[in-house]
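Peer 1: Quick one: this structure, given as structure tokens, is what I'll be asking you about.
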Amino acid sequence: MKKQAKTGNILQQNLTFPEKNKILESLKTQIGSKKKVIVAISGGSDSMLTAVLVQNFFIMDKYDTKNLYFVHFNHKIRPESDQEEQFIRNYFKGTNLICIHRHSSLVTRNNTEGDLRTRRYSELKKLVKKYKVSHVILGHNLSDRIESTFLNLLRGAGIKGFTSMQFSESHHLLSGTKVLRPLINMPKSEIENICKKNHIPYVTDASNYDDTTSLRNKLRNKILPSLYALSKNQKGRETFEQSMLNIYEEIGKTKKKSPSEGDLGGLKSIKQSPYRKAKFAYQRDIPKKGITTENIISLLNQLGIYNNVSSAFLNTLLTFLQTSNSGYKYFQGTYFFVAHGKIYIIQAPTNFWKKIISQSHPNLPISIKSPNLLRYPQPGDRYKGKTRNQYCITQKIPLFRRNFVAVLETDGKINKILKPM
């Protein structure tokens, strides 16, 4: 861990830099005086500057700082992790700081960028619900956005994948909670300079410079610098980054405010029944036409499951969504079900829907009178001359819900099938 400057305290920091007022005005258009906000902090320059900016914003506009939460994730995968957490605890002393530790049983599991990102968003989602948070603020910057653009292009993106991260957008992994990125138009180098001039301490993660750990690192440290070097301008990087920012802004001006017919955004969270052990579950009406590879890439990105996706799978999923009326596809622990004009996206154990539910399952909030028996379905059940599966099809009940549809039995005969839980 390389730490810059002296460790002060965020309560003593007052920022000065040219873009400050413009960024604070953009925050004011998004965050009301009574709203609760989370700022995610890693300790790096971008998240530290973001944290100080938001703290300044709350104080200058006389917002109640009790509604401002700072959240740090200690994944415990590097020797410096605990040291960085202590640095953050010292700097954010006197604020609503929440430090989340990775459970010891998870330390030996996958440590890929996508895996860690999914865990962070899972924890953020819990905090959003617990504290009734309206906005989650992240430190993504222009350099991050450019890297994401190139990664998306390598995977077959269109305009949506090209523009990548936005200043303000709803996030599927946070059940639609608004995400803000105040530094999205500012390059990393400028952020570091602002931190140094304003004596904001930050840590440098050495793993970000290891090209063997991820494609993003290789892009950041080798491929993009080679591209900058081709410029006849001595400031090749600055020129390239400004060009990309110009393109993002032009696309933003011409982009339609309403989603396209094939847009797969606007996912609706659905109940994650305990027996499924689902990490997330969403549904969305399937557009009648116009689904594109770009729509699917955007969807997978939002769900945090786009790492290592192949072109072959993208084409398979695209064809499936365009042509199938029922069925499912599986990718990296996630099921994509199609049923009755809807797509259901559920990350859960393999073949989770095939489980036969215990008769003593406690999660049926229904009272009945004797001699009726309320139970979950069993193999061989029939109702109105049809197998239970046939009945569920006529009632447009998706495959993954059918073993969780309770039945009412009297004298050994099913007299009612209840709505799915």
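Per our numbering: the sequence shown = residues 5 to 425.
Backbone N, C-alpha and C define an ideal beta-carbon position, used for all residues, glycine too.
A quick note: this is a predicted structure, and the numbers were derived from the prediction, not measured.
For Phe340, I'd like the list of residues in its chain whose CB is within less than 8 Å of its CB, leaving aside the five on either flank, ordered along the chain.
Peer 2: Leu321, Phe324, Leu325, Tyr332, Lys333, Tyr334, Ile347, Tyr348 and Ile349
Peer 1: Is the beta carbon of Gly180 sitting closer than 7 Å to the one on Ser174?
Peer 2: yes
Peer 1: Are Phe244 and Gln351 close, meaning C-beta to C-beta below 7 Å?
Peer 2: no
Peer 1: Using only alpha-carbon positions, find the residue among Leu378, Ser138, Leu178 and Leu72 that is nearest to Arg121.
Peer 2: Leu178
Peer 1: Between Leu101 and Asn60, how many whole angstroms is the CB-CB distance? I'm expecting something under 8 Å.
Peer 2: Not quite, the Cβ-Cβ distance comes to about 17 Å (not below 8 Å), so this is no contact.
Peer 1: Here's a check: name, in chain order, each residue in its chain whose Cβ is nearer than 6 Å to the Cβ of Ile150, leaving out the five neighbours to either side.
Peer 2: Met248
Peer 1: Given that a residue counts as buried once 16 or more other Cβ atoms are within 10 Å of its Cβ, and exposed if not, what is Ala429?
Peer 2: Here the chain covers residues 5 to 425 and nothing more, so residue 429 does not appear.
Peer 1: Quick one: complete alpha helix (DSSP H) runs, 4+ long, within the segment 74 to 134?
Peer 2: Listed in chain order, they are 85 to 95.
Peer 1: Assuming Ile104 contacts Glu127 (C-beta within less than 8 Å), just tell me the rounded distance between them.
Peer 2: 5 Å
Peer 1: With contact counted as at least three CB pairs below 8 Å, one residue from each stretch, are the segment 406 to 414 and the segment 377 to 396 in contact?
Peer 2: yes
Peer 1: Helix, strand or coil for Ser314? Go by DSSP, reduced to three states.
Peer 2: coil
Peer 1: Give the single residue among Gly160, His76 and His139 whose Cα lies nearest to the Cα of Lys40.
Peer 2: Considering only alpha carbons, the answer is His139.
Peer 1: Would Glu298 pass as a contact of Ala161 if the rule is Cβ separation under 7 Å?
Peer 2: yes
Peer 1: Could you please give me the residues that DSSP links to Gln59 through a beta bridge?
Peer 2: According to DSSP, Gln59 bridges with nothing at all.
Peer 1: Going along the chain, which residues of its own chain have a beta-carbon closer than 7 Å to the beta-carbon of Ser168, five neighbours each way excluded?
Peer 2: Arg149, Ser152, Thr153 and Asn156
Peer 1: Nearest to Gln34 by alpha carbon, out of Cys396, Pro22 and Phe62?
Peer 2: Selected option, being the one with the closest Cα: Phe62.
Peer 1: Is it true that the CB of Ser85 sits closer than 7 Å to the CB of Ala78?
Peer 2: Looking at the sequence shown, residue 78 is not Ala but Asn. Yes, these two residues count as a Cβ contact at 7 Å.
Peer 1: Write down the C-beta distance between Arg159 and Ile301 rounded to the nearest angstrom, noting that I regard them as a contact closer than 8 Å.
Peer 2: 6 Å
Peer 1: Measuring alpha carbon to alpha carbon, tell me which residue in Gln399, Gln16 and Lys281 is nearest Met354.
Peer 2: The question names Met, but residue 354 in the sequence shown is Thr. The alpha carbon of Thr354 has as its nearest neighbour, out of Gln399, Gln16 and Lys281, the alpha carbon of Lys281.
Peer 1: Cβ of Tyr206 within 7 Å of Cβ of Met52?
Peer 2: yes
Peer 1: Buried or exposed: where does Ser330 fall if 16 or more other Cβ atoms within 10 Å of its Cβ makes it buried?
Peer 2: It is exposed - the Cβ of Ser330 has fewer than 16 other Cβ atoms within 10 Å.
Peer 1: Comparing C-alpha positions only, which one of Ile188, His344, Thr327 and Asp214 sits nearest to Gln287?
Peer 2: Checked all of Ile188, His344, Thr327 and Asp214; the closest Cα to Gln287 is His344.
Peer 1: By alpha-carbon positions, which one of Asp385, Thr296 and Gln246 ends up nearest to Ser193?
Peer 2: Gln246
Peer 1: What residue range is occupied by the uninterrupted beta strand (DSSP E) comprising Phe340?
Peer 2: Thr338 to Ala343
Peer 1: Can you grab the Cα-Cα spacing for the pair Ser264 / Lys236, in whole Å?
Peer 2: In this predicted model, Ser264 has a pLDDT of only 47, less than 50, meaning its place in the structure is not dependable; the value taken from the coordinates is given anyway. Approximately 40 Å, taken between the alpha carbons.
Peer 1: Specify the secondary structure class of Ser264 as computed by DSSP and reduced to three states.
Peer 2: Here Ser264 scores only 47 on pLDDT, less than 50, and its place in the model is too uncertain to base an answer on.
Peer 1: Quick check on the burial criterion: 16 or more other C-beta atoms within 10 angstroms. Buried or exposed for Asn212?
Peer 2: exposed
Peer 1: Please return the same chain residues whose Cβ sits closer than 7 Å to the Cβ of Leu223, not counting the five positions on each side in sequence.
Peer 2: So the list reads Glu151, Phe154 and Leu155, once near-sequence residues are dropped.
Peer 1: Asn419 to Leu271, Cα distance in whole Å?
Peer 2: 35 Å
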